[in-house]
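Residue numbers (the UniProt record's numbering), protein chains in the order written: chain A, 1 to 937; chain B, 1 to 118.
If you want it as structure tokens, here you go:
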């Protein structure tokens, strides 16, 4: 490494510290020491956030952590090309928003940013703006030492490449002077820097991709006291069953009969084990146990010849699937079973739900996973009685059997109710056509949902599977009947959290029964009136299902019908995992202490999931029980499941993380996205066990604790009051994400949010994977009327999106057209002075006055602007995982207040009602941090 | 007595010898009978004017009543792992409380017997 002494400002000395393997910087005059290199006085660092990448690197959307370093170092020259240098130089001379740590308190920069939309915002409108969504490698190195002069950068990279394990460098940002930049959320988490040779495979896929599993800290503290000092929560956020979009690498399947596992801790063999004794034994990376390598490990069974061990998938990939032998089965693999419980009471029929649902089922019968022809289906309708349909074999005739005794549910017929999908396809189609007309004039109001669930359960309990409930009204008859407990006076008070808890124990106890019988429940709820989503959502929550809520569904509106049909279709076509159990193992000293997500905790660390849908996220808190003395630790998630085409498999996700005894590395390796995801889970849990207010306080306090810990231990200011609010560069977006969480419908302080909407939002907060959750907390905001020329056209990575704007209404111009989207809803905001031509181009209407707010469908009109806008909307709907198909609302600047306020509530950096703006929030945080440390104010 | 058994069952759950559903089903059978017996005993103390004993029992009586009113007296299998440490503490406390009470009642009984037959 080039000696840092050469680049020090006068009055500083650098000393090599052998214990920590890094330079210690000493200010000779005062004797003050610090780890960070001091910046020359008056010299201003340039932040990655505020500067557009001047050079276009080959755009790589997501690089794997290990590969990323290689790509970066390998391409060391490319990052130093003239364009880059020129860009950097220009930036240094130009507008700066970022003050360098706390080294020199740069008042100049402070004033500049507080003066409102400063020059730093100019790049958003720069015509030659590169595309940020597909941000090139430049911005992807979140901990790269930007503060160093550029020529040292190269030396340092070279030296670090040789030195092996790299130190995380900590860069302090001042929250008061660096406004949040939405582009930073697109950055990958801090790189995982494992010690050299920790993996037996050089493969870049040897460590799990963050979309499968990510940790809040990418360097695990060695002691619990160090973790407690940092105050950053330690948790895993995982989505083991992630859907594969186009271009994603598929999960390798290992068909060998050999499954090498540790004898003691049952860890599956993975790239982080060590082979010893000439390769005859392997040492477990978690418990250090020595195990025999199975004899067939070096044998290629497919070709029946000696194989290459190092080419084996389980040693090269972090995510693999084993085909499980019979030891892993308690019974032969079950077929997939789907039971549809359709509400046919009057409100359901009137809203068009029944017709849309039956049509969607009929259209998607083909897509229901049924590769081995064993899938079974049953349809049960209910109002205050139950209607079974018998579909005898060999005929396409079906007969309806009515059971009106709902107190003691029985099946009217032992067979022909649950039929094989492939065999009874035709009669099912005819039946589905008939159901709509059959109940057309049903005037019965009321719903016996509980008995219907019991009936469905009876039908499938010997096998297990999925119950899909479609319900439009509050359950009112039989077991599980609920009362309308919506009380507008309780909203916004401490009693509100009671409305978010289950009203009756039926749904919890039934959920446990279901979990035992491997039955999972999906809820599709449609009511316009109170439906007690909080209680009904219990069922999917404990049986690893999912709740979908379409408030005031009306199939008469094409948008409603399309949204529901799309989402329902995706759910039906989803290849689910059946009869699954999940367990996360970790290296010695680490313990999984609590679990958040949709499953039932069957023993201390075993999660039971009767049917795992794709793209469901779980969060697991980790405790450090004893000191860790290994250079790295391993987390391994194993999901034993039956695929929906009858194969028992084990999906194993392995992730290795380095350990550290250095507090600054703990901060520098923290992953703000994972922390925000974890906080969302924690906030919901807290709002149920305590109160909504407690949950908000808890989240805010957790954030203050992190800031305080950072301030006391990482900045020169120490415990005293400080004019700055410091946090490491990689956690810069955490405050705004927390603010987004505090303002989310599920948590927000408000007396106007119906409990159903809140409960649904809470269900989303605990089950969305980070990719969907982050926009849900911090929506994307695009300006369409003045988007760059290439936005909306097809680029290298599909449709190019315009650059995202910060979420403040300052950005709303009166003549503009904006798009705000949070993954669940999209708003097209039209300013009141929108020119008729723009309205004409996008909506095919003569002027602003003729526009009507509400749900809309964009039609493709024969002009380039309309094509681009439609393409962007389409791209946003398709770009994320999960079945969600957001509604598009047209919002007029002077339109109906509820819709306008709803759209504006997505702009989380603004002040709304009692909720603080970002600036206010930050200054409250600062006061708390300064106040708590005794500095006073 | 139920309590030593309860303590053992909780530690069984921790070490995975019993599943939470069975545990809760077994323990829930005893919750209301126990509260009932305790309330009955307190009633007897009240009727017989055993003020010291009554005073000693009132806090627990109130605690139990509060739980029943809030409807969280039953063990919930879905929450059991999160609340396990709390349940364990409560169980130890109640065990100690009943043991102390037992010896106190025994002492009072002996005193009463001695007083009757001098």
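Ideal Cβ positions, reconstructed from N, Cα and C, are used throughout, including at glycine.
For residue 16 (chain B), the chain A residues whose Cβ falls inside 7 Å of its Cβ are 603 and 604, in order along the chain. If you check the CB distance, residue 369 (chain A) and residue 644 (chain A) come in under 8 Å. Any Cβ of chain B closer than 8 Å to the Cβ of residue 507 (chain A) would place that residue at the interface, and such an atom is absent. In the displayed model, residue 868 (chain A) falls within a helix according to three-state DSSP. The residue from A:220, A:244 and A:424 with its alpha-carbon nearest to that of residue 209 (chain A) is A:244. DSSP places residue 541 (chain A) within a helical segment (H, G or I) once states are collapsed to three. Classified as exposed, residue 306 (chain A) has fewer than 16 neighbouring CB atoms from the shown chains inside 10 Å of its CB. According to the DSSP secondary-structure assignment, residue 650 (chain A) is paired through a beta bridge with A:322 and A:640. Excluding its 5 nearest sequence neighbours in each direction, residue 678 (chain A) has C-beta neighbours in its own chain below 7 Å: 216, 233, 235, 237 and 619, listed in chain order. Against residue 624 (chain A), chain B offers no close residue; the least beta-carbon distance is about 18 Å (beta-carbon pairs closer than 9 Å). Under the Cβ criterion of 8 Å, residue 827 (chain A) is not counted among the residues facing chain B.
Closer than 9 Å at the C-beta level to chain B, one finds these residues of the region 528–547 of chain A: 538, 541 and 542. In the DSSP secondary-structure assignment, residue 220 (chain A) is bridged to A:659.
Under the DSSP assignment, residue 290 (chain A) falls in the beta strand (DSSP E) whose first and last residues are 290–292. Taken through DSSP and simplified to helix, strand or coil, residue 213 (chain A) comes out as strand. The C-alpha of residue 468 (chain A) is placed about 13 Å away from the C-alpha of residue 450 (chain A).
Within the same chain, and ignoring the five residues on either side of residue 885 (chain A) in sequence, the residues whose Cβ sits closer than 7 Å to its Cβ are 563, 566, 567 and 877.
Under the 8 Å criterion on CB atoms, residue 266 (chain A) is classed as non-interfacial with respect to chain B. Under the 8 Å criterion on CB atoms, residue 512 (chain A) is classed as interfacial with respect to chain B.
In this structure, DSSP gives residue 691 (chain A) a state outside helix and strand, which the three-state scheme calls coil. Between the alpha carbons of residue 81 (chain B) and residue 604 (chain A) lies a distance of about 7 Å. The three-state secondary structure of residue 849 (chain A), taken from DSSP, is helix. In the DSSP assignment, residue 254 (chain A) is bridged to A:322. By the C-beta density criterion, residue 103 (chain B) is exposed, having fewer than 16 other C-beta atoms within 10 angstroms.
Here residue 573 (chain A) has 364, 367, 368 and 369 as same chain residues with Cβ atoms under 8 Å from its own Cβ, once five neighbours each way along the sequence are excluded. Boundaries of the alpha helix (DSSP H) harbouring residue 438 (chain A): 425–438, taken from the DSSP string. Straight across, the Cα-Cα distance linking residue 189 (chain A) with residue 670 (chain A) is about 8 Å. For residue 594 (chain A), at least one C-beta of chain B is nearer than 8 Å to its own C-beta.
Just measuring C-alpha positions, the residue of B:25, B:101, B:5 and B:35 sitting nearest residue 55 (chain B) is B:101. Residues of chain B with a Cβ closer than 7 Å to the Cβ of residue 600 (chain A) are, in chain order, 78. Contact check for residue 760 (chain A) against residue 549 (chain A) passes: the beta carbons are separated by less than 8 Å. Ranked by Cα distance from residue 273 (chain A), the first of A:310, A:741, A:254 and A:697 is A:310. The CB of residue 20 (chain B) comes closer than 8 Å to the CB of 601, 602 and 603 in chain A, given here in chain order. If you ignore the 5 residues before and after residue 253 (chain A), its C-beta comes within less than 7 Å of the C-beta of 321 and 323, all in its own chain and listed in chain order. Taking 9 Å as the Cβ-Cβ cut-off, the region 49–82 of chain B approaches chain A at 71, 74, 76, 77, 78, 79, 80, 81 and 82, given in chain order. Within chain B, the C-beta atoms nearer than 7 Å to that of residue 516 (chain A) come from 21, in chain order.
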